[in-house]
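Below is one structure, written out as structure tokens, with a few remarks after it.
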């Protein structure tokens, strides 16, 4: 339906350039909503507010509890209630300051408040900087599954400051690396080779490596989204490992795994299946990097029948067929729609054995 | 941000062509959600379902209570819960069968379920056929005001059958005429002249007049929306009478007035102000038609202070200024942003006097 030519305006710049990013997005308002979570507010809330005030943007901070459970209908309603009680207008910008949960939830609030107010994403986690802040997907979870309610809504601007990543807990950092690895595997063999070379430095968050890898990995996402904003084709490859991951997250209960951990586990499953489908594909080279991402034990205790049921509810299901993203060489992915359930069950059994 | 060239695919055709409309929208699904209300379900629910089944579209009917109170967060959640429990996929179409309440609510559900499923509007009221089904505005009410949460979401197709209007209660019919008159006043003097000529026949729902007027009035909306999908300019003129109307509906309590009745009252206020602002404008000629729309008494008992407060919460407010649509000749409207509050208060006093 939509046939727009899009560009995705990411500024890789320090956090205190936020007012300039907002103004260069054409916003003339004198007030600004900032939605964040308690962890991020403690680290960067004051800095953000202090940067906005002198530039004539009175901030109104909405601070939510951290964690996936926040991506709920109730929290969405809370943001809307508070924004409307404060008295927003159509030109009032909303800044989503945080990781994927804040970005998805606050982005959906921006998409639906007054049928859409200007949205700015300020991603503070690695996952958000290279993946979730890019591409306009917003939404909340539903008891039937993750991200089942939402909207495509373009941010006016994205401000990405890799220096913020120093404050990430280790588990969030390694979870983000899973998505970075995914971008290399599906669409950029040069990125993957760089990861192979610098994996130690990345685990240590070596500053110069991080400052090079973040824009590189974000660029992969930008390229794919620009070709397929509304996920009618190519964009599906970004779901490499994700159909497995969503099932793991759902069956284990949201919060047992980080999204990145579930994706790492899901990619190991998808690589196994990829090797089965493409003779000669060097899954071991790929898996050698993926399995560096620590995944908590527990997958082996989940019911394969439950995991299969959860997969069938995934949004990527088409007319009852489970479609999976596989890769046939490093840097190239494709969608396979013809995979028998029995094979997927065997893949789960492999993953349970391999991951524990 | 968006710079799409849009077209609005309306089929003026009998209700039983619905399956053809869905298929010509490129939908390949074998199932179909139908959202409607109890009144419409009683009249047309069976006919719609019976037309879908033989064309390979298994319908799942969601029937809601009639009335503005249905445009709520709770009913939205109910539609989403039931749709997800039934097991929709991204290609499953949703048919919004009803008036403006059903169209706005079910349209918003379609916009946000799985981040957007194919939407078909089947408007069954005059307001919906000439106005609310056209232009992609969807949404729900909030305690802070009407339509404060929503999305712009294009239907794949609109099926408009003027024959359905025979079953409308008189009050719904005359309410719809208010929007038809509005379209003439703001953008089509030929339509307004036709209304002057055929007002009696329209009140009698003369078949041939209705079949000519509905597409004519719908065409005015199409023209305006195609020039300004996201309401950044021209589209604002469609709100002629509406800033007053929204305030009336809110202060009187939703349901005391139909939307069309409130718009008729709001247009009388806006015409009065238009005459004040444009010397020589023949407000009496316009008002002669507008005042034919019956409006229940009670406006005079509302507090002008409350009405003013409600206006200031309207989405069209920009940086605290109340902007109003006025007309300077029949068939031409403009937005005035420089109207002092005292003048608006006087206009409310006039409307209370004139309408009672």
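Protein chains in written order, with my numbering: chain A, -16 to 339; chain B, -16 to 339.
All C-beta atoms, glycine included, are put in the ideal place defined by N, C-alpha and C.
Source: prediction; values computed, not measured.
I'd like to know whether the C-beta atoms of residue i and residue j end up nearer to each other than 8 Å.
i	j	result
residue 289/A	residue 234/A	yes
residue 76/B	residue 45/B	no
residue 278/A	residue 244/A	yes
residue 139/A	residue 92/A	no
residue 98/B	residue 204/A	no
residue 159/A	residue 215/A	no
residue 334/A	residue 271/A	no
residue 106/B	residue 90/B	no
residue 256/A	residue 307/A	yes
residue 114/A	residue 41/A	no
residue 281/A	residue 337/A	no
residue 86/B	residue 55/B	no
residue 0/A	residue 132/B	no
residue 23/B	residue 103/B	no
residue 305/A	residue 287/A	no
residue 154/B	residue 226/B	no
residue 209/A	residue 71/A	no
residue 80/A	residue 123/A	no
residue 274/B	residue 313/B	no
residue 38/B	residue 2/B	yes
residue 20/A	residue 47/A	yes
residue 188/B	residue 156/B	yes
residue 125/B	residue 59/A	no
Under a CB-based cut-off of 8 Å, is residue i close to chain B?
i	result
residue 98/A	yes
residue 122/A	yes
residue 56/A	yes
residue 133/A	yes
residue 95/A	yes
residue 68/A	yes
residue -10/A	no
residue 205/A	no
How about residue i: is its C-beta nearer than 8 Å to some C-beta of chain A?
i	result
residue 329/B	no
residue 2/B	no
residue 309/B	no
residue 209/B	no
residue 127/B	yes
residue 63/B	yes
residue 79/B	no
residue 60/B	yes
residue 320/B	no
Under the assumption that residue i contacts residue j (Cβ atoms under 8 Å), give the Cβ distance between them as a whole number of angstroms.
i	j	result
residue 219/B	residue 318/B	5 Å
residue 174/A	residue 199/A	5 Å
residue 147/B	residue 27/B	7 Å
residue 223/A	residue 316/A	6 Å
residue 43/B	residue 14/B	7 Å
residue 74/A	residue 134/A	Contact doesn't hold; Cβ gap of about 19 Å is too wide.
residue 78/A	residue 17/A	5 Å
residue 296/A	residue 128/A	5 Å
residue 201/B	residue 112/B	6 Å
residue 230/A	residue 293/A	4 Å
Would residue i count as contacting chain E if we go by Cβ distances under 8 Å?
i	result
residue 62/A	Among the protein chains of the structure shown, namely A and B, there is no chain E.
>> Within 8 Å, do at least three Cβ pairs link the segment 252 to 260 of chain B to the segment 140 to 151 of chain B?
In response: no
Okay, do the segment 17 to 32 of chain B and the segment 173 to 191 of chain B touch, 3+ Cβ pairs below 8 Å being the bar?
-> no
- Query: Taking the runs of the alpha helix (DSSP H) that are 4 residues or longer, which of them lie wholly in the segment 150 to 204 of chain A?
  - Reply: 153 to 170, 172 to 186
- Message: Restricting to runs no shorter than 4 residues, where is the alpha helix (DSSP H) found entirely within the segment -16 to 68 of chain A?
- Response: 1 to 7, 29 to 35
Uninterrupted alpha helix (DSSP H) stretches inside the segment 293 to 338 of chain B (no shorter than 4 residues): 324 to 338
3-residue-minimum beta strand (DSSP E) runs that sit fully inside the segment 54 to 139 of chain A, ordered along the chain
77 to 81, 102 to 106, 120 to 125, 128 to 135
What runs of the alpha helix (DSSP H), each 4 residues or longer, lie entirely inside the segment 206 to 259 of chain A?
-> 225 to 235
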